[in-house]
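S.K.: Residue numbers (this note's numbering): 22 to 376.
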Ligand code: TXA
Ligand code: MG
């Protein structure tokens with residue numbers, strides 16, 4: 022008798038895996054009810070998909086950490102459907118914070134603010150005196166939160182350490198069987214997570230995580246960011262940034278914009294090495310790959326296009342049996358490219374070097 026059969030016969034109560042529902046626009050009421058009942062529901066935003074639980078339900082919030090396999094010292098974002106909802110939980114906002122909100126909400130800017138003591142549980146904030154607040158630019162999700170009637174937590178809806186999900190299918194891939202449902206809003210627009218800025222009192226006015234809302238855009242609205250003295254011993258301000266992130270299982274190496282570097286890399290690797298290149302390089306490289314069966318991911322023409330494609334490409338290489346590794350474009354370091362470079366450099370092993 023095999024072990025499998027023995028287990029069957031013991032007839033113990035099992036933690037039966039759930040069937041995760043793919044929810045559509047017309048299922049919002051079902052999704053809101055499920056959240057209010059303490060279930061976990063993933064939701065679309067303009068950046069990446071989030072994993073929701075009502076903020077007041079401690080058990081559900083703990084379930085979010087469990088479903089993602091997320092370390093408990095990594096606080097969660099509070100996702101709101103309007104500024105009034107946010108203000109129920111926040112100490113009075115600084116002038117600077119108000120300006121940023123006026124300019125960028127709803128949108129992909131998350132603000133770390135002082136929380137009114139006792140209004141948000143320690144399992145959301147990891148015991149901090151601040152909470153990260155986000156008002157996403159996605160009518161489906163803001164309608165959902167309005168129906169729920171209170172904020173929902175919203176970490177990215179991926180298994181911890183993997184690239185964030187930009188489609189409902191990505192969420193299903195990571196969390197199927199672990200959550201009640203995924204509200205399907207199609208492919209997300211931005212493709213990388215929101216910019217996080219600290220506007221809490223007594224902290225430097227600083228970007229904790231770069232994103233689509235750039236340093237230049239923030240400074241144009243709210244004045245210069247503080248210079249940060251780099252103390253390697255200091256705990257990272259956004260705790261999540263210390264973990265290895267966004268990584269496929271297969272190795273990823275970066276190459277800059279130089280055509281000859283790409284040509285060289287192509288000559289040193291075989292068809293099982295996939296390429297992810299911007300439109301500007303595609304034409305120049307066409308002759309070098311003309312006779313090969315390599316997978317070539319086209320990233321598009323602008324930073325926005327590369328960001329939009331990045332996580333889908335990083336996820337796809339793990340699913341393709343014909344791919345062993347990926348060579349991907351790393352653009353020059355300028356303010357517009359900061360978010361894309363930050364995520365890619367966390368996912369990649371480093372620059373491609375010939376041995
Ligand atoms: O675009 C986004 O922000 C997405 C979508 C779903 O809204 N959410 C997202 O959440 O990226 P998450 O949990 O994957 O990343 C949130 C980051 C983490 O690095 C966390 O450590 C940091 O925000 N964070 C949360 N609360 C914080 C706080 N009070 N102070 C500093 N950092 C905080
Ligand atoms: Mg995340």
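Even for Gly, the Cβ is constructed at its ideal location relative to N, Cα and C.
Bear in mind that the values here come from a model prediction, so they are computed numbers and not experimental data.
(1) Between the alpha carbons of residue 328 and residue 306, how many angstroms are there, rounded?
(2) With H, G and I counted as helix, E and B as strand and the rest as coil, what does DSSP make of residue 291?
(3) Assuming residue 281 and residue 375 make a contact with CB atoms under 8 Å, what is their CB distance in whole Å?
(4) Taking 7 Å as the cut-off, does the CB of residue 203 come closer than this to any heavy atom belonging to the ligand TXA?
(5) Taking the alpha-carbon positions, what's the residue 111 to residue 220 distance?
(6) Does at least one heavy atom of the ligand MG sit under 7 Å from the Cβ of residue 157?
(7) Using C-beta distances below 8 Å, list every residue in its chain close to residue 91, excluding the 5 sequence neighbours before and after it, in chain order.
(8) Ignore the nearest five residues each way along the sequence and tell me which others in residue 61's own chain have a CB closer than 7 Å to its CB.
(9) Would you kindly work out how many angstroms separate the C-alpha atoms of residue 324 and residue 365, rounded to a whole number?
(10) For residue 321, write down the residues that DSSP places opposite it in a beta bridge.
(11) Would you mind sorting residue 233 into buried or exposed? The rule is 16 or more other CB atoms within 10 Å of its CB.
(12) Using C-beta distances below 7 Å, list every residue in its chain close to residue 77, excluding the 5 sequence neighbours before and after it, in chain order.
(13) Do residue 174 and residue 99 have their CB atoms nearer than 8 Å?
(14) Where do the ends of the alpha helix (DSSP H) carrying residue 50 lie?
(15) What is the DSSP secondary structure of residue 241, counted as helix, strand or coil?
(16) Assuming residue 102 and residue 166 are in contact, meaning their beta carbons sit under 8 Å apart, how far apart are those beta carbons, in whole angstroms?
(17) To which residues of the same chain is residue 341 closer than 8 Å at the C-beta, ignoring the five residues directly before and after it?
(18) Measuring from the CB of residue 192, is there a heavy atom of the ligand TXA at a distance below 7 Å?
(19) Does DSSP put residue 338 in a helix, a strand or coil?
(20) How about residue 177: is its Cβ closer than 7 Å to a heavy atom in the ligand MG?
(21) Taking all protein chains shown into account, decide if residue 362 is buried (16 or more other Cβ within 10 angstroms of its Cβ) or exposed.
M.R.: Based on what the coordinates show:
(1) Position 307 of the chain shown holds residue 328. Position 285 of the chain shown holds residue 306. Straight-line spacing of the CA atoms in residue 328 and residue 306 works out to 21 Å.
(2) Here residue 291 is taken as the residue at index 270 of the chain shown, counted from 1. The answer is coil: DSSP assigns residue 291 none of H, G, I, E or B.
(3) Numbered from its first residue, the chain shown carries residue 281 at position 260. Numbered from its first residue, the chain shown carries residue 375 at position 354. Between residue 281 and residue 375 the beta-carbon gap is near 12 Å, outside 8 Å, which marks them as no contact.
(4) Mapped onto the chain shown, residue 203 falls at position 182. Because no heavy atom of the ligand TXA lies under 7 Å away, the Cβ of residue 203 does not count as near it: no.
(5) Numbered from 1 along the chain shown, position 90 holds the residue referred to as residue 111. Numbered from 1 along the chain shown, position 199 holds the residue referred to as residue 220. Residue 111 and residue 220: Cα-Cα distance of roughly 12 Å.
(6) Locating residue 157 in the chain shown gives position 136, counting from the first residue. Short note on residue 157: C-beta not closer than 7 Å to any heavy atom of the ligand MG.
(7) Translated into positions along the chain shown, residue 91 becomes position 70. Sequence-distant Cβ neighbours of residue 91 in its own chain, meaning closer than 8 Å and more than five residues away, are 85, 176, 181.
(8) Your numbering for residue 61 matches position 40 in the chain shown. For residue 61, the CB contacts under 7 Å within the same chain, skipping 5 residues up- and downstream, are 72, 73, 74, 81, 84, 85, 88, 200, 201 in chain order.
(9) As a working note, residue 324 is residue 303 in the chain shown. As a working note, residue 365 is residue 344 in the chain shown. Distance from the CA of residue 324 to the CA of residue 365, rounded to the nearest whole angstrom, comes to 12 Å.
(10) The sequence position of residue 321 within the chain shown is 300, counting from 1. For residue 321, the pairing in a beta bridge is given by DSSP as 299.
(11) One-based indexing of the chain shown puts residue 233 at position 212. Flag for residue 233 reads buried.
(12) Sequence index remark: in the chain shown, residue 77 carries index 56 (1-based). Take residue 77, set aside five residues on each side of it, and the residues of its chain with a beta-carbon closer than 7 Å to its own are 171, in chain order.
(13) Position 153 of the chain shown, counted from the first residue, corresponds to residue 174. Position 78 of the chain shown, counted from the first residue, corresponds to residue 99. Cβ atoms of residue 174 and residue 99: closer than 8 Å.
(14) Counting from one through the chain shown, the residue named residue 50 turns up at place 29. Going by DSSP, residue 50 is part of the alpha helix (DSSP H) stretching over 49 to 57.
(15) As a position in the chain shown, residue 241 is number 220, starting the count at 1. Assigned with DSSP and collapsed to three states, residue 241 falls in helix.
(16) Taking the chain shown and counting its residues from 1, the one referred to as residue 102 is at position 81. Taking the chain shown and counting its residues from 1, the one referred to as residue 166 is at position 145. Correct: roughly 4 Å between the Cβ atoms.
(17) Counting from one through the chain shown, the residue named residue 341 turns up at place 320. Cβ neighbours of residue 341 beyond the five flanking positions: 295, 316.
(18) The residue labelled residue 192 in the question sits at position 171 within the chain shown. Flag unset: Cβ of residue 192 not near the ligand TXA.
(19) Working through the chain shown from its first residue, we reach residue 338 at position 317. In this structure, residue 338 counts as helix in the three-state DSSP scheme.
(20) Translated into positions along the chain shown, residue 177 becomes position 156. The ligand MG approaches residue 177 closely enough that one of its heavy atoms is under 7 Å from the residue's Cβ.
(21) Numbered from its first residue, the chain shown carries residue 362 at position 341. Under the 10 Å beta carbon count, residue 362 is surrounded by 16 or more other beta carbons and is classified as buried.
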